[in-house]
Amino acid sequence: MEIKQYIQENENRFLEELFSLIRIPSISAFPENKDDMLACAERWKQLLLEAGADEAHIMPSNGNPLVYAEKRISPDAPTVLVYAHYDVMPAEPLELWKSKPFEPEIRDGRIWARGADDDKGQAMIQAKAFEYLVKEGLLKHNVKFIFEGEEEIGSPSLNAFLKEHKELLKADVILVSDTSMLGADLPSLTTGLRGLAYWEIEVTGPNRDLHSGHFGGAVANPINTLCSMLAQVIDENGRITVPHFYDEVEEVPAAEREMIANIPFDEKKYMEAIGVKALKGEKGYSTLERNSCRPSFDVCGIWGGYTGEGSKTVLPSKAYAKVSSRLVPHQNHETISKLFIDYFQSIAPDYVQVKVTPMHGGEGYVCPIMLPAYKAAEKGFTKAFGKKPLAVRRGGSIPIISDFEKILGIKTVLMGFGLESNAIHSPNENFQLDIFRKGIEAVVEFHKEFDL
1 MEIKQYIQEN ENRFLEELFS LIRIPSISAF PENKDDMLAC AERWKQLLLE AGADEAHIMP
61 SNGNPLVYAE KRISPDAPTV LVYAHYDVMP AEPLELWKSK PFEPEIRDGR IWARGADDDK
121 GQAMIQAKAF EYLVKEGLLK HNVKFIFEGE EEIGSPSLNA FLKEHKELLK ADVILVSDTS
181 MLGADLPSLT TGLRGLAYWE IEVTGPNRDL HSGHFGGAVA NPINTLCSML AQVIDENGRI
241 TVPHFYDEVE EVPAAEREMI ANIPFDEKKY MEAIGVKALK GEKGYSTLER NSCRPSFDVC
301 GIWGGYTGEG SKTVLPSKAY AKVSSRLVPH QNHETISKLF IDYFQSIAPD YVQVKVTPMH
361 GGEGYVCPIM LPAYKAAEKG FTKAFGKKPL AVRRGGSIPI ISDFEKILGI KTVLMGFGLE
421 SNAIHSPNEN FQLDIFRKGI EAVVEFHKEF DL
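Under the working numbering, think of the first position of the sequence shown as 1, with each following residue one higher.
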């Protein structure tokens, strides 16, 4: 049976199985959802066995459990390791949803629900492609699955799990569907991801909040000082001023810059979509280069003093900020973290105390486009979407992808099917049914084409 016919005949079942996962609020950020995490892992175990896995297990970690499954074809055959995550982001603010986030609905040719795309919908694409290949006797290599429950909180337990189970997870390539395409009619394969470093800053001035009339103008305001310090991190050309920050930044080759320049991109529509009149970034680079293969620095949150209703004339004792830097391949997030901490404390004036606490981080990643698995994914997209996918670097971060390479020694192919309009992490997350179908077809073709 051809894959299109198989999808058509089984689509109602596919969706019901996906909906059974979505109805479980597997929110890793909330301790009160711990039982839901286990329930979702158990449901995935059952579904992978039903799809044709020889065995499937719930495996403990330092945090939420992982699901491991495998299908053995031959010890001499290559092995593909499929990675996904079953946890989802919180659904708040609930009042902005047009339907209940954990009660999936189909409207306008889309599935609407938290996890419809990220990553339950995309993981189901992998599972159903696998199911078809097994049932039709077309699978010619071994397949392993590892689904985690902490990706949305930075995968804190996965690194140790990988080190502990290196032999179990041995494979020739890792396949991930947790990224996006340029458009529904513009298929693309992600060839690079940025890394991440994240910090929380605390600036302390006086030992208590002060009356701004009695002390304003004589005592430094920590919020003013913090803003002034943060403003020094980026210069007038959009470059980060931290000494040695760019030491390991690799210039994008001319050939790749030309490829990026040929990506269809309407800057006017881009600005209109986010409601800005102009764009700003590092001098000498295009918008698509700035948000994908150049590093950046952002203040993610800033607070302090009185923020309640009405007014209160207070000079605050403390000010806080959460800041992050997107990194590019070859930049080590731990090195960058220390460089930033040293720099930020060095520019602190004597009238405040500054504490910088490093938080989570990870490395960037680049997938060679000559990799056999990449070529197989390229053929998969071409078959399903009717055109060759563009190779693009993305600005986001999936820190565990670089860990796969460092710990397991395996390259990853990022075969994602999301769209910007899918609103992942936001209210009204959705996933197009047409893309869901084409995704299954593309992954089937990947497995047919893949060889070492």
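Ideal Cβ placement from N, Cα and C applies to all residues, glycine included.
Checklist entry - CB-CB under 6 Å to Asn159, same chain, minus the five flanking residues each way: which ones, in chain order? => result Asp403
Checklist entry - So Met59 is in the beta strand (DSSP E); what residue range does that whole segment cover? => result Here the beta strand (DSSP E) through Met59 covers 55–59.
Checklist entry - With which residues is Thr287 paired in a DSSP beta bridge? => result Partner residues in a beta bridge of Thr287, as assigned by DSSP, do not exist.
Checklist entry - From Arg208 to Pro264, what does the alpha carbon distance come to, in whole angstroms? => result The straight-line gap from Cα to Cα measures roughly 55 Å.
Checklist entry - Out of Leu196, Gln126, Ile27, which has the shortest C-alpha to C-alpha gap to Glu92? => result Ile27
Checklist entry - Helix, strand or coil: which one does DSSP assign to His333? => result helix
Next on the checklist: Using a Cβ-Cβ cutoff of less than 8 Å, which residues in the same chain neighbour Glu289 once the five nearest sequence positions on both sides are dropped?
Outcome noted: Val252, Arg257, Ile260
Next on the checklist: What ranges does the alpha helix (DSSP H) occupy inside the region 138–226, keeping only unbroken runs of at least 4 residues that lie completely in it?
Outcome noted: Counting whole runs of 4 or more residues, the region 138–226 contains the alpha helix (DSSP H) stretches 158–164, 212–215.
Checklist entry - Leaving out the 5 sequence neighbours to the left and right, which residues in its chain are closer than 7 Å to Glu55 when beta-carbon positions are compared? => result Ala69, Glu70
Item to check | Contacting residues, own chain, Cβ-Cβ under 6 Å from Val354 (five flanking each side not counted) | outcome: Val203, Gln345, Ala348
Checklist entry - Roughly how many angstroms separate the alpha carbons of Gly52 and Tyr343, rounded to a whole number? => result When rounded, the distance between both Cα atoms is 54 Å.
Checklist entry - Between Ala231 and the rest of its own chain, which residues show a CB-CB distance below 6 Å, the 5 nearest in sequence each way excluded? => result none
Item to check | Classification of Pro75 by the beta-carbon crowding that lies within 10 angstroms, buried from 16 upward | outcome: exposed
Checklist entry - What's the gap between the Cα of Val299 and the Cα of His211? => result 28 Å
Item to check | Beta carbon of Gly465 nearer than 8 Å to that of Ser157 | outcome: Beyond the ends of the chain as shown, which are 1 and 452, falls residue 465; an answer cannot be given.
Next on the checklist: For Ile125 and Phe436, which I take to be in contact (beta-carbon distance under 8 Å), what is that distance rounded to the nearest angstrom?
Outcome noted: 6 Å
Checklist entry - From Ile398, Thr412, Lys268, Lys448, pick the residue whose C-alpha is nearest to that of Ser155; which is it? => result Ile398
Item to check | Buried versus exposed, by CB contacts within 10 Å (16 or more), Met370 | outcome: The residue is exposed, with fewer than 16 neighbouring Cβ atoms inside 10 Å.
Checklist entry - Hey, Ile234 and Pro295: beta-carbon distance below 8 Å or not? => result no
Checklist entry - Any idea what DSSP makes of His244, helix, strand or coil? => result coil
Checklist entry - Under three-state DSSP, which class holds Phe265? => result coil
Item to check | contact_flag[the region 109–123, the region 79–93] where n(CB pairs < 8 Å) is 3 or more | outcome: yes
Checklist entry - What first and last residue would you give for the alpha helix (DSSP H) that runs through Val134? => result 120–135
Checklist entry - Of all the options Val356, Glu405, Gly310, Asp350, which has the alpha carbon lying nearest to the alpha carbon of Tyr320? => result Tyr320 has its Cα closest to that of Val356, out of Val356, Glu405, Gly310, Asp350.
Checklist entry - If you draw a straight line from the C-alpha of Arg110 to the C-alpha of Leu419, how long is it? => result 12 Å
Next on the checklist: At the level of alpha carbons, what is the spacing between Glu148 and Ser61?
Outcome noted: 10 Å
Next on the checklist: Pop quiz: Tyr365 and Thr335 are said to be a contact at Cβ under 8 Å. What is the actual Cβ separation, rounded to whole angstroms?
Outcome noted: At roughly 17 Å, the Cβ-Cβ gap does not stay under 8 Å, so Tyr365 and Thr335 are not in contact.
Checklist entry - Taking all protein chains shown into account, do 16 or more other C-beta atoms lie within 10 angstroms of the C-beta of Ile58, making it buried, or fewer, making it exposed? => result exposed
Item to check | Supposed close pair Tyr198, Met359 - CB separation, criterion 8 Å | outcome: That belief holds up - the Cβ atoms of Tyr198 and Met359 are roughly 4 Å apart, short of 8 Å.
Next on the checklist: Going by DSSP, what residue range makes up the beta strand (DSSP E) through His85?
Outcome noted: 79–85
Item to check | Beta-bridge pairing of Ser346 - partner residues as DSSP gives them | outcome: None, per the DSSP bridge assignment.
Checklist entry - With which residues is Val392 paired in a DSSP beta bridge? => result Thr190
Next on the checklist: What does the alpha-carbon distance come out to for the pair Lys144 and Met415?
Outcome noted: The straight-line gap from Cα to Cα measures roughly 16 Å.
Checklist entry - Less than 8 Å separating the beta-carbons of Glu9 and His85? => result Cβ atoms of Glu9 and His85: not closer than 8 Å.
Checklist entry - Mapping DSSP to helix, strand and coil, what is Thr382? => result Reduced to three states, the DSSP call for Thr382 is helix.
Item to check | Continuous alpha helix (DSSP H) stretch holding Leu21: start and end | outcome: 3–22
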